[in-house]
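Take the sequence shown: its letters are residues 23 to 86, numbered as in my numbering.
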Amino acid sequence: MTQPFQLPDFYVPYPARLNPHLEDARIHTKRWARGLGMLEGSGVWEESDLDSHDYALLCSYTHP
23 MTQPFQLPDF YVPYPARLNP HLEDARIHTK RWARGLGMLE GSGVWEESDL DSHDYALLCS
83 YTHP
């Protein structure tokens with residue numbers, strides 16, 4: 023199946039940067055989620071789910 027549109031070539035004149043606080047953000051995110059009861063036994067997420075989503079990595083790229 024073909025796509026209904028064609029993506030343009032993207033050009034970014036600068037290299038991607040990563041926020042140097044990535045590991046701290048991962049630790050904080052897990053502590054925050056656990057504190058709100060979102061992890062173990064909640065029926066919503068397990069710790070492995072949160073780790074696989076890696077929201078801290080997303081934020082570290084979008085806010086270098």
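We treat Cβ as the ideally placed atom computed from N, Cα and C, and that holds for glycine.
Practice problem: Could you check what DSSP says for Tyr77 in three-state terms: helix, strand or coil? | Solution: helix
Quiz item: If you check the beta carbons only, do Glu69 and Leu79 fall under 8 Å apart?
Solution: no
Quiz item: Is it the case that the Cβ atoms of Tyr83 and Ala38 are separated by a distance below 8 Å?
Solution: Closer than 8 Å, so yes.
Practice problem: Give the straight-line distance between the Cα atoms of Leu40 and Trp67, rounded to the nearest whole angstrom. | Solution: 26 Å
Quiz item: Any idea what DSSP makes of Tyr83, helix, strand or coil?
Solution: helix
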